[in-house]
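A short worksheet on the structure shown next.
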Amino acid sequence: MPTVIYIAKGNYFWWGKQIETADGTNAGIYDQVSDITFNPDATRISAALDRNGLYTSTFMIVIFNKDGSVYGSFKESTGLRGKIRNGGHFFDSTNLITAAVDVS
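Just so you know, the sequence shown maps onto residues 1 to 104 in this note's numbering.
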């Protein structure tokens, strides 16, 4: 299962989450976090999920609140398969997420 761990400034463990994913037929379809980023005021954390870098799944982004609760998620719904690489997505000044996706 993909795991996100938030360590605050000063090496303070804040929270950790394992993300259990499924697509309706395949439990655990995503098995790793390919990228992670904070919004400008550090109140939300965005994690891009991937499946072994094989480009076999549509890409997914999960957004957490600073306290570790899930704010929301986005899964590519057109069937486009791809991967968001490390450093490949970010929040802009209006809290929208931009992602650069490698597609197969």
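Quick reminder that beta carbons are idealized off the backbone N, C-alpha and C, glycines included. These numbers were taken from a predicted model, which means no experiment stands behind them.
Where the beta strand (DSSP E) containing residue i begins and where it ends
i, result
"I63", "60-65"
"T37", "32-38"
"N86", "82-91"
"K17", "12-18"
Own chain partners of residue i with C-beta closer than 6 angstroms, once the 5 adjacent residues on each side are dropped
i, result
"K66", "T43"
According to DSSP, residues forming a beta bridge with residue i
i, result
"I45", "F38, F64"
Reference residue i; option with closest CA among the options
i, options, result
"F64", "F91, Y12, R81", "F91"
"Q32", "G72, R81, A47, V70", "A47"
"F74", "L49, D102, E20", "L49"
"D102", "A8, R81, N95", "R81"
Any C-beta of chain B under 8 angstroms from that of residue i
i, result
"P2", "Here there is only one protein chain, and chain B is not present."
Proximity below 8 angstroms, CB of residue i to CB of residue j
i, j, result
"D35", "I84", "yes"
"T3", "Q18", "yes"
Spatial neighbours of residue i in its chain, beta-carbon cut-off 8 angstroms, leaving aside the 5 residues before and after
i, result
"S93", "P40"
Other residues of its chain near residue i: CB distance less than 7 angstroms, five sequence neighbours each side excluded
i, result
"V70", "V62, F64"
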